[in-house]
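Okay, structure first, notes after.
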Amino acid sequence: MLEAHSISKSFGSFKALQEVSLMVPKQSVFGLLGPNGAGKTTLIRIINQITMPDSGHVLLDGEPLRPDHIRYIGYLPEERGLYKTMKVGEQVIYLAQLKGLSKSDAKAQLKYWFDRLDIGHWWDKKVQELSKGMAQKIQFVVTVLHRPKLLIFDEPFSGFDPINAQLIREEILNLRDQGATVIFSTHRMESVEEMCDHIALMNKSKKILDGNLMDIKRAYQSNVFRVGIKSADKAGTWKILEEQFGATPVVFKSIHEEVQCKLQLPDGHGPNDLFAQLSKFGEISHFVQEVPTANDIFIQSIHQNEAIL
Amino acid sequence: MNHLGLILVREYLNKVRNKSFIIMTFMSPLLMVGVIGLVTYLSNLNNDNERHIKVLDQSGYFGHLFEDQDQITFELLDTIDLEQAKAITESAQDYGLLFIPKVKNIADLSRAIYFYSEDSPSIVVMTQIERIVQQQANTLALNQAGIDAQAIRDLYFDVRPQLETFKGQETSKLGSGLKLIFGGAAGYLLFMFIIIYGNMIMRSVIEEKTSRIIEVIISSVRPIELLLGKIFGTTLAGITQFAVWVILVGVLGTVMSQVLGVEMQTGSQVAMEQGAALAQTNDLPAQILMEIFQLPMTNLVVMFFLFFIGGYLLYASLYAAIGAAVDSETDTQQFMIPIIMPLIIAVYVGVFTVIEDPHGTVSQVFSFIPLTSPVVMLMRIPFGVPLWEQIVSVVLLFTTFIGTVWFAAKIYRVGILMYGKKPSYKELLKWLKY
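Taken in order, these protein sequences are the chains called P and L.
Just so we're aligned: the first sequence equals residues 89 to 397 in my numbering.
Just so we're aligned: the second sequence equals residues 67 to 500 in my numbering.
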């Protein structure tokens with residue numbers, strides 16, 4: 089759907105992007121992650137043709153970006169607002185017209201969305217009469233109204249209360265299911281976990297990691313298991329575990345009295361071997377592989393990256 | 067470019083529907099006409115009271131000369147005592163008493179005449195009295211010296227050279243005056259338009275930034291379309307407002323002059339009379355018409371529109387550029403002076419240099435520089451400017467306009483990426499390179 093090939097961009101002596109390449113597969117939710125100042129917004133602005141890259145190029149459906157491509161893209165920037173003195177309905181239709189929709193088309197779409205989000209009575213209100221959350225909903229509608237193939241959200245959930253955030257999350261996934269491709273940039277990891285199929289991780293103007301979220305998690309899995317064993321001789325068991333497996337103590341919530349520890353799967357062994365060995369010490373109440381969260385991966389890879397630099 | 071139309075319409079409607087804009091549009095003419103009406107009414111009120119002046123003429127030379135006028139009536143007193151006359155005047159509550167004593171020598175009169183009144187008398191009244199007395203005294207003095215006053219009047223010389231160019235075109239001082247008025251009026255109108263609507267354009271360019279919708283807009287349209295749409299939309303709103311003003315002032319003025327019974331043209335009539343007195347001819351209106359027809363009319367009208375539109379657009383685009391460079395209106399101050407300066411220079415050059423020497427080097431140079439050409443060239447044209455010069459100047463003007471908008475669009479695009487940084491001129495130059 090969208091390919092970026094070795095994009096570089098600098099502002100004066102400051103390098104905002106260095107040789108960044110991306111592949112966003114069709115009909116997926118693509119998370120563009122990274123700490124503040126990593127270059128996410130600059131990259132998004134290049135895709136939206138707000139700025140031009142110094143070198144590199146972007147392909148949309150295999151074609152180099154052209155000015156008329158903007159009608160296929162819906163963009164919700166992090167810095168967002170609406171014309172305060174314009175009426176809601178009028179304004180959304182105007183913005184949709186700028187994206188190439190005809191007036192009647194825009195009206196029909198707007199009706200659909202207003203009914204769907206149950207905000208039809210806002211049509212004749214001025215934006216300055218709306219609350220911040222209400223305005224955010226309108227902005228979401230503005231972004232999706234012209235049925236773009238590619239949706240780009242920059243920190244979409246900032247400013248939403250949990251209920252509306254959930255509503256928008258569902259709408260985004262729904263749009264993906266209808267065929268849209270979604271890029272969204274954030275540093276909130278919990279939403280990444282829930283929504284993203286693919287991610288790319290950026291730090292200090294470079295991409296340091298990308299791929300399918302599950303693949304990445306697999307690559308980052310550490311073969312560490314949390315184990316709880318009901319044992320008669322707690323101290324003895326603990327001693328053996330520490331010596332044989334290098335177990336470290338952890339505490340997790342449990343309804344049992346047990347030895348709780350974290351241990352590394354020995355090389356050349358499968359989880360079953362470990363389970364069999366451990367079952368000698370008593371009844372196993374817990375046996376869970378630690379899967380890294382997106383947050384863990386994020387922090388870990390950024391630290392690694394900074395260590396290299 | 068179909069975005070341009072959409073943006074233009076939105077800007078126009080947004081301006082025209084704005085409450086303060088509507089209020090301004092309808093209140094300004096009301097205020098203007100109201101103030102003029104009030105002043106006229108008040109001065110009328112003042113003029114209405116008739117002034118009675120008693121005259122005690124002991125010399126016997128002047129009494130018969132004081133004829134009643136619009137608001138002054140004279141009453142000749144019999145030869146009585148001065149103190150008595152004062153008492154009579156005061157008890158009658160008249161405006162004043164003019165006392166002309168009996169003198170041996172006319173020359174002694176100059177300091178011997180007194181005017182007694184309750185308060186200091188009005189200058190208008192005194193001027194009239196002075197004129198009457200002075201004229202008569204002059205004649206008397208001449209007669210006393212044995213000179214026929216009428217003979218002197220007959221011998222008065224009136225020198226007025228007839229002006230004609232080598233090509234046989236007749237001109238006159240009056241014509242030069244008209245040219246000056248035409249150029250001045252055009253310059254003034256331009257000045258006014260720029261001052262009133264330039265700021266409006268600037269605010270409109272900042273609007274997207276203060277409402278933070280800028281990134282949504284800029285990912286949909288090109289900055290140059292946005293800026294052009296704003297300039298034209300605001301200008302149309304301005305023209306609408308101006309038209310309403312002209313119509314309203316016309317209607318209200320007529321209504322008011324009917325109600326108050328005041329000829330609104332009094333002022334211009336006075337001016338005409340003064341002009342007539344100056345020219346000492348009776349067929350002045352005809353002469354003005356003739357002079358107007360002698361001006362290169364077609365050329366003037368066409369060039370007026372071209373230079374007016376071009377000049378306005380150029381300055382409008384400068385305001386837009388300022389709007390593009392800043393984040394909020396408070397940052398605009400430092401950029402204001404460079405905009406106003408060329409305008410002021412243009413007017414100065416127009417008034418002082420062009421009149422002196424319409425085709426001198428200074429006039430010529432300034433009529434090519436785009437920032438001053440709208441005013442200076444318009445003032446030069448009535449004096450005859452070769453067509454090629456006019457065309458070059460117009461082309462330069464419009465090219466600069468397009469260049470400025472392009473420049474503004476460039477700044478605008480870069481400005482988005484620089485939130486919160488206060489731009490200096492140096493910074494702006496750097497932005498151009500991005």
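Yeah, the Cβ is synthetic: ideal placement off N, Cα and C, and Gly gets one too.
Cut-off 7 Å between Cβ atoms - residues of its own chain near residue i, not counting five sequence neighbours on either side
i: P:R159; result: K187, G188, H234
i: L:G264; result: Y381, A382, Y385
i: P:F99; result: none
i: P:G128; result: For the record, residue 128 of chain P in the displayed sequence is Lys; it is not Gly. Correct list, in chain order: L120, G122, S273, M290.
i: L:S459; result: S433, F434, S439, M443
i: P:T336; result: C349, K350
i: P:I208; result: One point to set straight first is that residue 208 of chain P is Gly, not Ile, in the sequence displayed. Once the five neighbours on either side are set aside, the close Cβ partners of P:G208 are F202.
Coarse secondary structure for residue i, derived from DSSP in three states
i: P:V108; result: strand
i: P:I95; result: strand
i: P:A290; result: The question names Ala, but residue 290 of chain P is Met in the sequence shown. Strand at P:M290.
i: L:F132; result: coil
i: P:F228; result: helix
i: P:D361; result: helix
i: P:D242; result: strand
i: P:P236; result: coil
i: P:Q348; result: strand
i: P:E166; result: coil
i: L:V336; result: Its pLDDT being 49, under 50, L:V336 is placed unreliably in this model, and the coordinates cannot settle the point.
i: P:E378; result: coil
i: P:H161; result: The residue you asked about is not His; residue 161 of chain P is Ile in the sequence shown. Three-state result, P:I161: strand.
i: L:N209; result: helix
i: L:F223; result: coil
i: L:K120; result: strand
i: P:T269; result: strand
i: L:F92; result: helix
i: P:L131; result: helix
i: L:A345; result: With a pLDDT of only 49 at L:A345, under the threshold of 50, the placement of this residue in the model should not be trusted, and no figure is reported.
i: P:K103; result: strand
Cutoff 6 Å; reference residue i; Cβ partners in own chain excluding five residues on either side
i: L:I545; result: It is not possible to answer for residue 545 of chain L, since the shown part of chain L is limited to 67 through 500.
i: L:M67; result: Annotation note: pLDDT 47 at L:M67 (below 50); position unreliable, no value reported.
i: L:A475; result: P289, I290, L293
i: L:I283; result: E274
i: P:A126; result: M290, N291
i: P:F118; result: V112, I271, H286
i: P:P141; result: I95, K97, I134
Which listed residue (the options) has its alpha carbon closest to that of residue i
i: P:S116; options: P:T129, P:F202, P:I240; result: P:I240
i: L:N204; options: L:M192, L:I218, L:V191, L:T193; result: L:I218
i: L:L208; options: L:E230, L:I172, L:Y222; result: L:I172
i: L:M258; options: L:F467, L:R446, L:I406, L:F401; result: L:I406
i: L:T396; options: L:M268, L:Q200, L:F92, L:T193; result: L:M268
i: L:L366; options: L:F87, L:V225, L:K245; result: L:K245
i: P:V215; options: P:F245, P:E178, P:Y163; result: P:E178
i: P:V176; options: P:S192, P:E151, P:E278, P:Q227; result: P:Q227
i: P:L255; options: P:N300, P:H286, P:W201; result: P:W201
i: P:R276; options: P:T269, P:E331, P:I287; result: P:I287
i: L:W472; options: L:P452, L:L372, L:I388, L:V451; result: L:I388
i: L:L160; options: L:E141, L:I305, L:T470, L:Y414; result: In the sequence as presented, Leu is not what sits at residue 160 of chain L; that position holds Asp. When each option's Cα is compared against that of L:D160, the closest is L:E141.
i: P:A194; options: P:P236, P:D156, P:E166; result: P:P236
i: L:S176; options: L:Q216, L:P227, L:Q200; result: L:Q200
Spatial neighbours of residue i in its chain, beta-carbon cut-off 8 Å, leaving aside the 5 residues before and after
i: P:E378; result: Q309, S310, V312, F313, R314, K350
i: L:L501; result: Since the first and last residues shown for chain L are 67 and 500, residue 501 of chain L lies out of range.
i: P:S342; result: G316, Q348, S373, H374
i: L:M192; result: F181
i: P:E282; result: R257
i: P:N124; result: H275
Neighbour list for residue i in chain B, Cβ cutoff strictly below 8 Å
i: L:I284; result: Absence of chain B from the displayed structure is noted, the protein chains being P and L.
7 Å Cβ cutoff met for residue i and residue j
i: L:G377; j: L:L256; result: yes
i: P:I161; j: P:L238; result: yes
i: L:G212; j: L:P187; result: no
i: P:K103; j: P:T130; result: no
i: L:A391; j: L:I272; result: no
i: P:L164; j: P:P244; result: yes
Proximity test, residue i beta-carbon vs the ligand FMN heavy atom, cut-off 6 Å
i: L:A391; result: Summarising the ligand content, the structure contains no ligands, and the ligand FMN is consequently not present.
Check your understanding: If you pair each beta-carbon of the region 282-298 of chain P with each one of the region 106-120 of chain P, do three or more pairs fall below 8 Å?
Key -> yes
Check your understanding: Taking contact to mean at least 3 C-beta pairs separated by less than 8 Å, is the region 221-230 of chain P in contact with the region 162-175 of chain P?
Key -> yes
Point to revise | Cβ contact (3+ pairs, closer than 8 Å) linking the region 382-395 of chain P and the region 317-326 of chain P | key: no
Check your understanding: Per the contact definition of three or more C-beta pairs closer than 8 Å, is the region 143-156 of chain L in contact with the region 93-105 of chain L?
Key -> no
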